[in-house]
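Below is one structure, written out as structure tokens, with a few remarks after it.
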Amino acid sequence: MTSSPTPEDGTRPDHTPLDELHASLDPAARTWLAGALDTAATCSGPHEPHPAWELRFAEAGRRCGPAHADAVRVLILRAARADTAALTRAYHHGTADERRAVLQALPHLVPGPDAVPLVEDALRTNDTRLLTAAVGRYAARYLSAHAWRHAVLKCLFTAVPVDSVADLARRARGDTELARMLGDYATERTAADRPVPEDLYRVLALTEPEPASEPEPASESEPASARHTPVADLPGKESRCASSTPTSI
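Its first residue numbered 423, the sequence shown is counted upward by one per residue in this note's numbering.
Now the structure itself:
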């Protein structure tokens, strides 16, 4: 990430080193951030239902600028050692920008699946920036297979790049149910004379199982839902392959 991310690009602030963030802020913002982090570190605890750091969390965009607000908010949450209850409160009481920062902080602060409801709530929206944050590392670790597959499809529905889906290759590998869902979606799009997203073919290619040393022939009794749909067999793929424009998958 560059030292001056745009709001659209600022979806992985946990990868922004603190010294890099400091270099991107003006002196007033750096001073404010130092005070906010000190407040978060010293004024938090289980017996404070509305700790002072929550105000700092809310005003981060105004104090540090929208391009850096995500990174600053994640730092404040980490300094406050916000637990699931505090994160849930910040999420449900916050703006869309504040909710996005909560989602981005989850991998750092919640060591188990307790915050999955926050991810699931974000996945029910059509806010593409929330969706992008929701399919990060926390979702890769803790979303159920069913919910994760639907999250991938939601990205395709809303044109969120699948590059945003953390650990996509590992979770998609050999997933015949995801392959079936992708094939169904491609069929629906083609029947409606609508284009199939390029990212669908990329994900479908990832669902291919790892080749065995000696592949076994498919059993006659194998259910159709368990059989993998080759990319070339998808509706609309033939015309794409015949196109003079190269296609990367």
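Ideal placement from N, C-alpha and C gives every residue a C-beta, glycine not left out.
Exercise for review: With DSSP as the reference, label P439 as helix, strand or coil.
Suggested key: Locating residue 439 in the sequence shown gives position 17, counting from the first residue. Three-state result, P439: coil.
**Study point:** Cβ-Cβ distance between L455 and A501 below 7 Å
**Key:** What you label residue 455 is simply residue 33 of the sequence shown in a count that begins at 1. What you label residue 501 is simply residue 79 of the sequence shown in a count that begins at 1. The answer is no: Cβ separation not under 7 Å.
Point to revise | Selected residue, minimal CA-CA separation from Y564, among P473, P533 and A493 | key: Stepping through the sequence shown from its first residue, residue 564 is reached at position 142. Among P473, P533 and A493, the Cα nearest to that of Y564 belongs to P533.
Exercise for review: Express the C-alpha separation of A463 and L691 in angstroms, rounding to a whole number.
Suggested key: The shown model of the chain, from 423 to 671, leaves out residue 691, and the question about it has no answer.
Practice item. Using beta-carbon positions only, say whether L552 and R522 come within less than 7 Å of one another. Key: For this step, residue 552 is matched to residue 130 along the sequence shown. For this step, residue 522 is matched to residue 100 along the sequence shown. Closer than 7 Å, so yes.
Point to revise | Best match in R485, S586 and R546 for proximity to P453 [C-alpha to C-alpha] | key: What you label residue 453 is simply residue 31 of the sequence shown in a count that begins at 1. With the sequence shown as reference, residue 453 is identified as Thr, and Pro is not the correct amino acid for it. That would be R485, whose Cα lies nearest to the Cα of T453.
**Study point:** Spatially closest choice to P497 from H514, T510, L531 and D448, by CA coordinates
**Key:** Locating residue 497 in the sequence shown gives position 75, where the first residue counts as 1. It is worth fixing the name first, because residue 497 is Leu in this sequence and not Pro. The shortest Cα separation from L497 among H514, T510, L531 and D448 belongs to L531.
Exercise for review: Going by CA-CA distance only, name the one from T547, A588 and L525 that's closest to V538.
Suggested key: If you number the sequence shown from 1, residue 538 lands on position 116. When the alpha-carbon of V538 is set against those of T547, A588 and L525, the nearest one is in L525.
Exercise for review: With DSSP as the reference, label R662 as helix, strand or coil.
Suggested key: Taking the sequence shown and counting its residues from 1, the one referred to as residue 662 is at position 240. Note that R662 scores 48 on pLDDT, short of 50, meaning its location in the model is unreliable; the coordinates nonetheless yield the value given after this. Helix.
Check your understanding: Can you list, in chain order, the residues of its chain whose CB lies under 8 Å from that of L440, leaving out five sequence neighbours each side?
Key -> In the sequence shown, residue 440 corresponds to position 18, counting from 1. Hits under 8 Å: L497.
Check your understanding: The alpha helix (DSSP H) spanning L540 covers which residue range?
Key -> Numbered from its first residue, the sequence shown carries residue 540 at position 118. Residues V538 to L545.
**Study point:** Neighbourhood of A591 by C-beta distance below 6 Å, restricted to the same chain and skipping five residues each side
**Key:** For the purposes of this step, residue 591 is identified with residue 169 of the sequence shown, where counting begins at 1. Answer for A591: L628, listed in chain order.
Check your understanding: Taking the continuous alpha helix (DSSP H) assigned at V494, which residues delimit it?
Key -> Counting from 1 along the sequence shown, the entry for residue 494 is found at position 72. Start and end: P488 to A502.
Review point. Beta-carbon separation of A594 and A562 under 7 Å?
Key: Numbered from its first residue, the sequence shown carries residue 594 at position 172. Numbered from its first residue, the sequence shown carries residue 562 at position 140. Contact flag unset, no.
Check your understanding: Leaving out the 5 sequence neighbours to the left and right, which residues in its chain are closer than 6 Å to L499 when beta-carbon positions are compared?
Key -> Stepping through the sequence shown from its first residue, residue 499 is reached at position 77. Correct list, in chain order: A527.
Exercise for review: With DSSP collapsed to three states, give me the class of P533.
Suggested key: The residue you call residue 533 lines up with position 111 of the sequence shown. DSSP, reduced to helix, strand and coil, places P533 outside both helices and strands of the structure shown, so it counts as coil.
Exercise for review: Can you say whether S446 is buried or exposed, counting buried as having 16 or more other CB atoms within 10 angstroms of its CB?
Suggested key: For the purposes of this step, residue 446 is identified with residue 24 of the sequence shown, where counting begins at 1. By the neighbour-count rule (16 or more Cβ atoms within 10 Å), S446 is buried.
Practice item. Give me the Cβ distance between A507 and E520, rounded to the nearest whole Å; I'm assuming they're in contact under 8 Å. Key: Within the sequence shown, numbered from 1, the residue matching residue 507 stands at position 85. Within the sequence shown, numbered from 1, the residue matching residue 520 stands at position 98. Actually they are not in contact, since the Cβ atoms of A507 and E520 sit about 16 Å apart, beyond 8 Å.
Practice item. Sort F579, S586, L578 and D536 by Cα distance to S566 and report the nearest one. Key: The residue labelled residue 566 in the question sits at position 144 within the sequence shown. Minimum Cα distance to S566 is reached at D536.
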